[in-house]
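Beneath this line is the structure, given in structure tokens, with notes to follow.
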Amino acid sequence: MSASSPRSHVIVIGSGMAGLGAARVLHDAGLRVTVIEARDRIGGRTHTSHLWPDLPMDMGASWIHGTKGNPVTALAKAQGLTITPTSYKRAISFDQDGHPFDFGKAVKRALTLVDAARKRFYDADADLSVQAAVEASPAWQAIPPRDRAALRLAINTRIEHEYSGDWSLLSAWNFDQDKDFPGKEAVVTPGFGAILSDLAKGLDLHLGEPVTAIAPAGAGVSVTTARGTHTADAAIVTLPLGVLQSGQVRFDEALGKRRQRAIDALGMGLLNKCVLRFDRVFWPQDVDWIDYVNPVETLWGDWTSYLRATGQPLLAAFNAARMAETVEAWDDATTAASALEALRAMYGGSVPDPVGYQITRWRRDPFALGSYSFKAVGSSRKDHKALFGPDWDGRLWFAGEATSTNYPATVHGALMTGRQVADAMLLSAIRDQP
Ligand SMILES: Cc1cc2nc3c(=O)[nH]c(=O)nc-3n(C[C@H](O)[C@H](O)[C@H](O)COP(=O)(O)OP(=O)(O)OC[C@H]3O[C@@H](n4cnc5c(N)ncnc54)[C@H](O)[C@@H]3O)c2cc1C
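Numbering (this note's numbering), first residue to last: 11 to 444.
Rendered as structure tokens:
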């Protein structure tokens, strides 16, 4: 921060985990903080829907990935949220004909094959996609088409869902360069919303005010929104990568070259949910995951049961990457009917109609323009690193999931970058003091 007074004024753009994480630290340190948010709600891609008043649903993030040492676990516990571990060991899988089969074996085989396939290209002159590396592999070519469909689903559920990029876009060299917290994968109920509300307590929040331009102004910055112009000593940008890439927020002075390269090089992927609520349970009560080798490649291939976490007959179906882009174009009724068709292929014609459903379309959401960042061909963790931190001589700072070197695409990654930027700003303010 260029201004050195502890009463400095900072604008935080975006009220997701990163923005609120940063704003909380700065506010609690005594700075004047203004949070400007385009939506009429806080939370960004952690969004707890209250469409069903008796059953709040997380339509963005819903898992804590690795509960041990994860800062989100501490926040969830502080809010008295229930943390329910889920496991791939509690799974049931169906083949193309709707018969149970050993998907775990297919997953192991697929991941081993992907590893071997990408290793063949480590010394190549240029990066290539996961798909290109896999399809060039003699081992892949030798697999009969029926088995290949199960392996393709394994690549979809274990790689495309986790990283949200299509295998034709994911970097074979670098797609998985992230770190993990140890511990379990766990669903948070009744939802992440309580954490966000707590972080936002007492903050000066401007909701429903999309930022359109950011400019240097004297020793500080000016932020133009749909409602007017705000000035401050510094601003923190937590805009999703998709929004940065779209150019819908104008930066009146060029960003650092390395930062701009990172914005252009990284990918913004897609993961969508279709949550179906039933009046009864027709699947095994103890499973967390249901996988299905749909004859239509990867469509409705991955389901999670929220029964253990919520006590309600609730299933969420996921589509990622290319299939998610296709399904996003469908209307709600078509989407729900298609998901139901997949369920009936697994559990038979007696599967009841759902009593309700909720569907996400994160690519079409103008304030997300995708679900989370991934390492596209030619990019690496260095691009996440280059995106993080100060620009414009310390007047503009960047945080958010895509700026996390170690934990991109996660709630904790977003939170940690927000807090780190705030800490760095406070440190630089102390250093600047005469
Ligand atoms: C479907 C889905 C499932 C996920 N599952 C998980 C999971 O299980 N576990 C996990 O750890 N992570 C998960 N994630 C990822 C996680 O949700 C994100 O990494 C994290 O929430 C991003 O936080 P952020 O603060 O960086 O960005 P955001 O939450 O997107 O915050 C940015 C804010 O900027 C606002 N904004 C955008 N444009 C403007 C503008 N012009 N002016 C002002 N404000 C603007 C947005 O409205 C938003 O509030 C999931 C994401 C999705 C979409």
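Every residue gets a Cβ at the ideal spot worked out from N, C-alpha and C, and that includes glycine.
>> Judging by CA-CA distance, which residue of Q430, R391, R42, I46 is the nearest neighbour of L215?
In response: Closest option to L215, Cα to Cα, is I46.
> Which two residues bound the contiguous alpha helix (DSSP H) that contains Q322?
Replying inline: Segment: none, Q322 is in no alpha helix (DSSP H) and carries neither H nor E.
>> Our contact map puts E139 next to L179 with C-beta atoms below 8 Å; I'd like the distance itself, whole angstroms only.
In response: Per the sequence presented here, residue 139 reads as Ser, with Glu not at that position. Confirmed, about 6 Å.
> Thinking C-beta only, is F113 closer than 7 Å to D312?
Replying inline: No. Outside cutoff.
> Per DSSP, what kind of secondary structure is V221 in: helix, strand or coil?
Replying inline: Annotated three-state conformation of V221 is strand, per DSSP.
>> With H, G and I counted as helix, E and B as strand and the rest as coil, what does DSSP make of A327?
In response: If DSSP states are grouped into helix, strand and coil, A327 belongs with the strands.
>> Rounding to the nearest angstrom, what Cα-Cα distance links A134 and P148 in this structure?
In response: Rounded to the nearest angstrom, the two C-alpha atoms are 17 Å apart.
> How long is the line joining the alpha carbons of S190 and G76, rounded to whole angstroms?
Replying inline: Position check: residue 190 holds Asp in this sequence, whereas Ser was assumed. Between D190 and G76, the C-alpha separation is close to 7 Å.
>> Let me make sure I understand the geometry here. Which of L265, A204, T44, P364 has the alpha-carbon closest to that of F288?
In response: Answer by Cα proximity: P364.
> Between the region 54-64 and the region 373-382, are three or more C-beta pairs nearer than 8 Å?
Replying inline: Judged by Cβ distances under 8 Å, the region 54-64 makes contact with the region 373-382, as three or more pairs qualify.
>> In this structure, how does DSSP classify P148 when only helix, strand and coil are distinguished?
In response: Here P148 sits in helix by DSSP.
>> Assess contact between the region 195-209 and the region 36-44, defined as three or more Cβ pairs (one per stretch) separated by less than 8 Å. Is contact present?
In response: Contact between the region 195-209 and the region 36-44 is absent: fewer than 3 CB-CB pairs across the two stretches fall below 8 Å.
> Under the DSSP definition of a beta bridge, which residues are partnered with D135?
Replying inline: BP columns for D135 are empty, so no partner.
> Looking only at C-alpha atoms, which of L317, Y173, P155 sits nearest to V197?
Replying inline: When only C-alpha atoms are compared, the closest one is L317.
> Where does M435 fall in DSSP's three states?
Replying inline: DSSP places M435 in helix when its eight states are reduced to three.
> Three-state secondary structure (DSSP) at F191?
Replying inline: Coil at F191, not helix or strand.
> Using a Cβ-Cβ cut-off of 8 Å (strictly less than) and excluding sequence neighbours within five positions of R269, which residues of its own chain qualify?
Replying inline: Taken in chain order, the residues that qualify are A396, L397, D401, F408.
> Taking DSSP as the reference, what is the three-state secondary structure of H37?
Replying inline: In this structure, H37 counts as helix in the three-state DSSP scheme.
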